[in-house]
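Sequential numbering of the sequence shown, starting at 1, is according to my numbering.
The C-beta atom is built at its ideal place from N, Cα and C for all residues, glycine as well.
What follows is a single structure, written as structure tokens, with notes after it.
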Amino acid sequence: MRSSSKHPSPRPRGAAARASAVTVNLAREQTLLGDIGGTTARFAVLTGDTLGPIDHLQVSQYRSMVDAIHGFLGSRQDRDRVGAAVLGVAAPVEGGRSVLVNSQWVVDAAELRAAFGFNSISLINDFEAIAYALPCLSGRDVRPLAGGKPQLGESMAVLGPGTGLGMAGVVRWEDRMTVIPTEGGHATLPGATPREDAVIAHLRHKFGHVSAERALSGPGLENLHSAIAAIDGIAVSSETAPEIVRQALDRSCPVSVAAVDMFCAMLGTVAGDLALMFRARGGIYIAGGIAPRIVDLLARSEFHARFRAKGRFEPYLERVPTAVIINSDAAFLGLKSLALDA
1 MRSSSKHPSP
11 RPRGAAARAS
21 AVTVNLAREQ
31 TLLGDIGGTT
41 ARFAVLTGDT
51 LGPIDHLQVS
61 QYRSMVDAIH
71 GFLGSRQDRD
81 RVGAAVLGVA
91 APVEGGRSVL
101 VNSQWVVDAA
111 ELRAAFGFNS
121 ISLINDFEAI
131 AYALPCLSGR
141 DVRPLAGGKP
151 QLGESMAVLG
161 PGTGLGMAGV
171 VRWEDRMTVI
181 PTEGGHATLP
191 GATPREDAVI
201 AHLRHKFGHV
211 SAERALSGPG
221 LENLHSAIAA
231 IDGIAVSSET
241 APEIVRQALD
251 RSCPVSVAAV
261 DMFCAMLGTV
271 AGDLALMFRA
281 RGGIYIAGGI
291 APRIVDLLAR
301 SEFHARFRAK
311 GRFEPYLERV
321 PTAVIINSDA
331 AFLGLKSLAL
341 DA
């Protein structure tokens, strides 16, 4: 299995089938695939090039990653055939170990190898896994927002507000496509209007450094909601991100409407920055749990106006396509690609 320090090229769409000897070997030894977020852990087993059903487990229901995998594999009669693992985790991976930023789990390759007898295990960042999936996405996996058509073979990038804010890119390097994982969600959040500057100043009193994730995530949407209410002197109850989204969609709460509108605008600003950093003429994709729930609102919001509002480079960004990934299990396309390339 390829270590997490190496980045094989994503398989191009329509790639030829693997040699039969490789398929037979993979069929004898199944591979556990996992997409581990701060809220939900998803698991499936890959047999040959066939991906089994994807199970969704709540992270809060399990004390550790080992317990969650036991929970997933426990009912499988063929669990002894699972001899390898490819896992995407919502945190940086260093030395085969990852501490999730938004939960108490520690994911350790050596611990998992000892607990389950894996012959090989690869840990990567969860948005690295989604980046590997980008060349494999089809029309049914995405909802286009704006811009031109994706230019085949050109760089792409993905960002995703969910429990946190992940980012990664896919760039051309010496006639191959290479995934670049990042921790861009923790870069400083820019303000583009006096109103946003006031909100960021309010958040700075609370957090010190205000990263993009402090606004562009589930907890970030809650931060925007409370900051707008405080600045405007409006008494509101503490709302969760799903409640804020619901109130914005049915327009039952002006503060929630304002928070989601600002969320969309800020997301456009950050997505435009990402497009410039990666020269992403192949497209900017938005993943995570929030965007698919507000995709219609996002399409008519300030997102695209702010995405392209980069002065002299506005004509350049006008042609860059943007889309929301509506397949919540898209990371498994990337994990499968990695497993088959091993």
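Per-residue DSSP class, three states only, for residue i
i           : result
residue 250 : coil
residue 51  : strand
residue 108 : strand
residue 160 : strand
residue 69  : helix
residue 319 : coil
residue 139 : helix
residue 189 : coil
residue 145 : strand
residue 26  : Caution is warranted here: a pLDDT of 44 is assigned to residue 26, below 50, making its placement in the model unreliable, and no coordinate value can be reported.
DSSP beta-bridge partners of residue i
i           : result
residue 123 : 87
residue 43  : 34 and 55
residue 97  : 94 and 108
residue 62  : Answer is none; residue 62 lacks a bridge partner.
residue 169 : 157 and 180
residue 285 : 158 and 323
residue 211 : 188
Beta-carbon proximity check, residue i vs residue j, cutoff 9 Å
i           : j           : result
residue 199 : residue 221 : no
residue 60  : residue 39  : yes
residue 126 : residue 90  : yes
residue 217 : residue 268 : no
residue 278 : residue 171 : yes
residue 344 : residue 45  : Here the chain has residues from 1 to 342 only, and residue 344 is not among them.
residue 48  : residue 334 : no
residue 33  : residue 118 : no
residue 155 : residue 189 : no
residue 135 : residue 167 : no
residue 429 : residue 150 : With the chain covering only 1 through 342, there is no way to say anything about residue 429.
Own chain partners of residue i with C-beta closer than 7 Å, once the 5 adjacent residues on each side are dropped
i           : result
residue 255 : 225, 228, 229, 234 and 236
residue 287 : 130, 158, 160, 325 and 330
residue 293 : 245
Inter-residue Cα distance where the pair is residue i and residue j
i           : j           : result
residue 327 : residue 241 : 20 Å
residue 263 : residue 323 : 16 Å
residue 202 : residue 257 : 19 Å
residue 281 : residue 110 : 39 Å
residue 316 : residue 147 : 10 Å
residue 174 : residue 153 : 12 Å
residue 247 : residue 298 : 15 Å
residue 346 : residue 58  : Because the chain spans 1 through 342 in this model, residue 346 falls outside it and cannot be assessed.
residue 106 : residue 92  : 11 Å
residue 340 : residue 82  : 15 Å
residue 24  : residue 84  : Its pLDDT being 37, under 50, residue 24 is placed unreliably in this model, and the coordinates cannot settle the point.
residue 103 : residue 62  : 11 Å
residue 337 : residue 132 : 7 Å
Chain-order list of residues whose beta-carbon lies under 8 Å from that of residue i (same chain, five-residue window excluded)
i           : result
residue 196 : 262, 265 and 266
Same chain only: Cβ atoms within 6 Å of residue i, ignoring 5 sequence neighbours per side
i           : result
residue 318 : 308
residue 192 : 269
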